[in-house]
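A.B. asks: In our numbering, the protein residues as written are 986 to 1242.
For each residue, glycine too, the CB sits at the ideal point set by N, CA and C.
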Amino acid sequence: MVQSLKGKRILITRPGHQADVLVDKLNSLDAEALRFPTIEIKTSSHCQQQLDIKHSIVNYDIALFVSRNAVEHAFKILDVSDLIGRVKIGVVGKGSLDCLAQYGIQNAELPNKTYDSEGLLTSELLQQVDGKKIIIFRGQEGRNLLGDTLQERGATVDYCEVYRRCIPQIKEADYNKVFHKPPHLAIFTSSEGLLHAYKMLSAEDGEKLLDIPWLLISERMKKTAYTLGHNSDIIIAQQASDDGIVSSLTNYTFNSE
């Protein structure tokens, strides 16, 4: 049964403009979407590494993009013509796939099941990679699971770190506008954003947040939630897309206030 979101204060922690569509969708359902970005995306400081990849991208068999941010920042240095018809492409999620389409790339491969590194590793593209040369576009200090597993399968793997994730600075007035009373639910779309939140919140607000439902986009994020001491409902989105998140919310039954 679809539940009403009318009057529900929902905390959205996605970076800046990446939250726009989700905010609009929730507001259209009469929810009160509260912007509280816990990640700020900035250009990577690894300029020489990026320059090297720009000139050698045609030598790779497969290019993997771990996020929409990876796509957006990679194509600040890459020429689309160097990839189309030359390099096979894989992405972790539908947001990355849609972003690639904006650059004219239509044939990227998605994970079979979960939209994460684990899911991408099950795709047909990455099953027979012995002797293949693979480049992974990601943020600085990203997970190594994807690359490590591909190396175990016999591939040569390089990384190109095209962005970095920082803790945003938030004005006191904006903070108070969000947290003058606890939200009904919080949405977190990365473990790093979840950890950043607890560096930005006051001790009191952090404790209150542990007592409300959280919507997460992967089972892996549950471990981070439990480590922080979360003790309310955890909803895993049906998909990591905006539509998937909204669908999961409208199928969740909020406790009576």
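To the nearest angstrom, report how far apart Gln1136 and Leu1200 are at their CA atoms.
C.D. replies: In the sequence shown, counting from the first residue as 1, residue 1136 sits at position 151. In the sequence shown, counting from the first residue as 1, residue 1200 sits at position 215. Each residue's alpha carbon lies about 33 Å from the other.
A.B. asks: Any contact between the segment 988-1005 and the segment 1205-1220? By contact I mean 3 or more CB pairs, one from each, below 8 Å.
C.D. replies: The segment 988-1005 vs the segment 1205-1220: no contact.
A.B. asks: Please classify Phe1164: does DSSP put it in a helix, a strand, or coil?
C.D. replies: If you number the sequence shown from 1, residue 1164 lands on position 179. Phe1164: helix per DSSP, three-state reduction.
A.B. asks: Any contact of the segment 1025-1041 with the segment 1200-1209, i.e. 3+ C-beta pairs under 8 Å?
C.D. replies: With the cut-off at 8 Å, the segment 1025-1041 and the segment 1200-1209 do not touch.
A.B. asks: At which residues does the beta strand (DSSP E) containing Tyr1144 begin and terminate?
C.D. replies: By one-based count along the sequence shown, residue 1144 stands at place 159. Run containing Tyr1144: 1141-1151, per the beta strand (DSSP E) assignment.
A.B. asks: List the residues that DSSP assigns as beta-bridge partners of Leu1170.
C.D. replies: Here residue 1170 refers to the residue found at position 185 when the sequence shown is read from its first residue. Bridge partners of Leu1170: Ile995.
A.B. asks: Between the Cα of Pro1000 and the Cα atoms of Pro1022, Ile1119, Cys1032, Ile1230, which residue gives the shortest distance?
C.D. replies: On the sequence shown, residue 1000 is found 15 positions in, with the first residue counted as 1. Taking only the C-alpha atoms, the option nearest Pro1000 is Pro1022.
A.B. asks: If you follow the alpha helix (DSSP H) that Ala1182 is in, where does it begin and where does it stop?
C.D. replies: Taking the sequence shown and counting its residues from 1, one reaches residue 1182 at position 197. Residues 1176-1185.
A.B. asks: Spatial neighbours of Gly1078 within its chain, please: CB distance less than 6 Å, with the 5 preceding and 5 following residues excluded, ordered by chain position.
C.D. replies: Within the sequence shown, the letter at position 93 stands for residue 1078. Hits under 6 Å: Tyr1100, Ala1225.
A.B. asks: Shorter than 7 Å, the distance from the beta carbon of His1181 to the closest heavy atom of the ligand FMN, or not?
C.D. replies: Within the structure as shown, the ligand FMN is missing, as the structure has no ligands at all.
A.B. asks: Which first and last residues belong to the beta strand (DSSP E) in which Thr1028 is found?
C.D. replies: Position 43 of the sequence shown, counted from the start, is the residue given in the question as residue 1028. Residues 1025-1028.
A.B. asks: State whether the segment 1005-1020 contacts the segment 1104-1113, with contact taken as three or more CB pairs (one from each stretch) at a distance under 8 Å.
C.D. replies: No, the segment 1005-1020 does not touch the segment 1104-1113.
A.B. asks: With DSSP run on the structure shown, which of helix, strand or coil describes Glu1204?
C.D. replies: Counted from its first residue, the sequence shown places residue 1204 at position 219. Glu1204: coil per DSSP, three-state reduction.
A.B. asks: Could you say which of Leu1082, Ile1042, Ser1052, Arg1053 lies nearest to Leu1063 if we only look at CA atoms?
C.D. replies: For the purposes of this step, residue 1063 is taken as residue 78 along the sequence shown, with counting starting at 1. For Leu1063, the nearest C-alpha among the options comes from Ile1042.
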